[in-house]
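Student: Protein chains in written order, with the UniProt record's numbering: chain A, 1 to 185; chain B, 1 to 185.
Where a beta carbon is used, it is the ideal one built from N, C-alpha and C, also for glycine.
Nothing here was measured: the structure is a model prediction, and the numbers come from that model.
Below you'll find the structure I mean.
Number of protein chains: 2
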Amino acid sequence: MAEKVSLLSFWPSMFCARARIALEEKGLSYEYREEDLPNKTPLIMEMNPIHKKIPILIHNGKPVCESLIIVEYIDDVWSDRAQLLPSDPYEKAQARFWADFIDKKVYGAGGKITWHRYKHEAAEGKEELIENLKTFGSFSIEAECPKLIAWGRRCSQRESVSKCLAEPNKMVDVVVRFRRMFGLK
Amino acid sequence: MAEKVSLLSFWPSMFCARARIALEEKGLSYEYREEDLPNKTPLIMEMNPIHKKIPILIHNGKPVCESLIIVEYIDDVWSDRAQLLPSDPYEKAQARFWADFIDKKVYGAGGKITWHRYKHEAAEGKEELIENLKTFGSFSIEAECPKLIAWGRRCSQRESVSKCLAEPNKMVDVVVRFRRMFGLK
C-alpha cells in the first residue's frame with residue numbers, strides 16, 4: 001500500500017514545527033495542509049474530536065494527535081530512517097524528560113508573555129521563563145548562554161528545521177494580529 | 001551487575017501508583033521508599049532537582065522522573081517481561097494519547113475538586129470532570145458507565161493494582177489533613 005501522510009498544521013505553532021521537523025528529518029513525502037486558526041475546519045473536528053487542536057498527523061486515514069506523540073509515532077513507524085530518539089532506554093527517558101520540560105515549563109511561561117492581559121502578567125512570565133531556562137540542564141543561562149545559542153544555531157542550519165520555522169518578524173505580526181482578535185491591547 | 005531499583009513514592013499519589021503498578025506488572029524486585037510529603041527529603045531534591053516531585057525511579061543510581069516516562073522506561077529496559085505498551089505503533093500512540101488525556105484533563109479537574117478554595121471552584125471542577133469523562137473514548141458516561149466501572153473492577157482485581165492503590169477512606173483522611181495544612185476549609 002502506498003503510504004499517505006498528511007500534516008494539519010498552522011505555521012506559527014511550535015508544536016506543528018516539531019511534528020513537521022520529524023517528517024523532514026525522516027525525509028518523508030507528505031502533504032502539508034495549512035489550517036487557518038482560530039477557525040477550526042470540520043477536518044480538525046473530525047480528526048481530533050477530543051482536543052480539537054493541531055498538529056494532526058493523518059497516516060493512511062488514521063489520525064495521530066499531540067506533537068510529542070506524533071514524533072514518537074513517526075520514529076516508530078519509519079524506524080529504518082534517521083533515528084529521532086536515542087535507542088538507549090536511559091537516554092530516551094532523558095530526551096522525553098526535556099521535551100516534557102519544554103511543554104510544561106518553557107511554553108507556559110512564554111505564553112504568559114505573548115498573551116498577557118496586564119503588564120504584570122508579562123513581567124511574571126518573563127521572570128518564570130528566565131528562571132526555567134536557568135534550570136535547563138542545570139546551567140546558568142547568563143554564564144552558559146553561548147552553548148544554548150550555538151545549539152540553536154546548529155539546529156537552524158539544518159534544512160529540516162529552517163524550512164519549518166517562521167521568520168521572527170512574521171511571528172511578531174501574527175501575535176499582534178491575534179492579540180487584537182482576542183481583544184488584548 | 002545486579003539491578004538495583006528503588007521507587008521514591010507517596011501513597012496517595014496516582015502518579016506514584018502508576019509507576020509502582022508498572023514495576024509490579026513486570027514482577028521486578030524493588031525497594032519501595034515512602035516519602036513524607038510535603039516535606040521534601042534531600043534525596044528528592046538531588047534526584048529530581050528540576051521538578052522536585054515524586055515518583056522518582058532510581059535504577060542503578062540513575063534517576064528517571066515523571067510517571068509516564070518512568071512507565072515507558074520500565075517497559076524499554078525490561079522488554080522481555082509482561083509488555084505494558086502495545087508494540088503496534090498506532091496502538092502505542094493511542095495508549096499514549098489516553099494516558100496524556102488523563103494527565104491533562106482528568107487529573108486537573110479532579111484537583112479542582114480536591115483543592116478548591118471556594119465552593120464554586122469545586123462545582124466547576126465537578127462539571128469539568130464529568131464533561132471530560134464523557135469525551136473519554138467518545139462515549140456518554142451515563143449510558144456506558146457499566147463498562148468503565150467493569151474495567152476499573154477488572155483492574156483492581158489485579159494484584160499489581162490493588163496493592164498500589166489506597167483505600168478510599170484513607171484517601172479522604174489525607175485530603176482532609178492536607179487541606180487543613182494548606183489553610184483550606
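1. Is DSSP giving Tyr-90 (chain A) helix, strand or coil here?
2. Hey, does Asp-80 (chain B) have any beta-carbon neighbour from chain A nearer than 7 Å?
3. Between the Cα of Ile-58 (chain A) and the Cα atoms of A:Ile-74, A:Leu-184 and A:Lys-92, which residue gives the shortest distance?
4. For the alpha helix (DSSP H) containing Cys-16 (chain A), name the first residue and the last one.
5. So with Cβ pairs under 7 Å, would you call Arg-96 (chain B) a contact of chain A?
6. Using a C-beta to C-beta distance shorter than 7 Å, which residues of chain A count as neighbours of Ala-71 (chain B)?
7. Any C-beta of chain B sitting closer than 7 Å to the C-beta of Ala-109 (chain A)?
8. Quick check: the Cα distance between Asn-60 (chain B) and Arg-33 (chain B), rounded to an integer number of angstroms?
9. Please decide whether Arg-20 (chain B) counts as near chain A, where near means a Cβ-Cβ distance under 7 Å.
10. Report the rounded CA-to-CA distance for Asn-132 (chain B) versus Val-106 (chain B), giving the unit in angstroms.
11. Take every Cβ of the stretch 62-73 of chain B, pair it with every Cβ of the stretch 78-98 of chain A, and state whether three or more of those distances are shorter than 8 Å.
12. Using alpha carbons as the reference points, say which of A:Leu-28, A:Ile-70, A:Ile-56 and A:Phe-15 lies closest to Ser-81 (chain A).
13. In angstroms, rounded to a whole number, what distance separates the CA positions of Ala-150 (chain B) and Glu-159 (chain B)?
14. Hey, does Val-5 (chain B) have any beta-carbon neighbour from chain A nearer than 7 Å?
15. What does Asp-76 (chain B) reach in chain A if we use C-beta pairs closer than 7 Å?
16. Quick one: which unbroken alpha helix (DSSP H) runs of 4-plus residues sit fully inside the stretch 102-182 of chain B? Chain order, please.
17. Helix, strand or coil for Tyr-73 (chain B), going by three-state DSSP, please let me know.
18. Would you tell me roughly how many angstroms separate the C-alpha atoms of Ile-70 (chain A) and Arg-18 (chain A), rounded to the nearest one?
19. Between residue 186 (chain A) and Ser-6 (chain B), what straight-line distance do the alpha-carbon atoms span, to the nearest angstrom?
20. In whole angstroms, what separates the C-alpha of Leu-23 (chain A) from that of Trp-11 (chain A)?
21. Under 7 Å between C-beta atoms, does Glu-66 (chain A) make it to chain B?
22. If we ignore side chains and look at the alpha-carbon of each, how far apart do Met-171 (chain B) and Met-47 (chain A) end up?
23. State yes or no: is the beta carbon of Glu-142 (chain A) nearer than 7 Å to at least one beta carbon in chain B?
24. Who are the Cβ neighbours of Cys-16 (chain B) in its own chain at under 7 Å, not counting the five residues just before and after it?
25. Return the chain-ordered list of same chain residues with a C-beta closer than 7 Å to the C-beta of Gly-111 (chain A), the five sequence neighbours on each side being excluded.
26. Helix, strand or coil: which one does DSSP assign to Ser-79 (chain B)?
27. Classify Ala-109 (chain B): buried if its beta carbon has 16 or more other beta carbons within 10 angstroms, exposed otherwise.
28. What ranges does the alpha helix (DSSP H) occupy inside the stretch 20-69 of chain A, keeping only unbroken runs of at least 4 residues that lie completely in it?
29. Note down the Cα distance separating Lys-104 (chain B) from Leu-129 (chain B), rounded to an integer number of angstroms.
30. Using alpha carbons as the reference points, say which of B:Phe-101, B:Glu-91 and B:Ile-113 lies closest to Val-175 (chain B).
31. DSSP has Ile-8 (chain B) in a bridge; who is on the other side?
32. Hey, how far is the Cα of Asp-173 (chain A) from the Cα of Leu-37 (chain B)?
33. Taking the alpha-carbon of Arg-117 (chain A) as reference, which of A:Glu-3, A:Ile-44, A:Met-45 and A:Arg-179 has the nearest alpha-carbon?
Tutor: Walking through what the data contain:
1. helix
2. no
3. A:Ile-74
4. 14-26
5. yes
6. Strictly speaking, residue 71 (chain B) in this sequence is Val, with Ala absent from that position. None at all; the shortest Cβ gap to chain A is about 10 Å.
7. no
8. 15 Å
9. no
10. 7 Å
11. yes
12. For clarity, residue 81 (chain A) is Arg in the given sequence; the question names Ser instead. Among A:Leu-28, A:Ile-70, A:Ile-56 and A:Phe-15, the Cα nearest to that of Arg-81 (chain A) belongs to A:Leu-28.
13. 16 Å
14. no
15. Pro-89 and Lys-92
16. 107-114, 119-135, 141-157, 159-162 and 168-181
17. helix
18. 9 Å
19. What the structure shows of chain A is the stretch from 1 to 185, and residue 186 (chain A) is not part of that stretch, so it cannot be assessed.
20. 15 Å
21. yes
22. 38 Å
23. Unreliable positioning characterises Glu-142 (chain A) in this predicted model, as indicated by a pLDDT of 49, which lies under 50. The coordinate reading is nonetheless provided below. No, Glu-142 (chain A) does not count as interfacial toward chain B.
24. Ser-9, Phe-10, Ile-54 and Pro-55
25. none
26. coil
27. buried
28. 42-47
29. 11 Å
30. B:Ile-113
31. At residue 8 (chain B) the sequence reads Leu, which differs from the Ile that was named. Beta-bridge pairing links Leu-8 (chain B) to B:Arg-33 and B:Ile-56.
32. 46 Å
33. A:Arg-179
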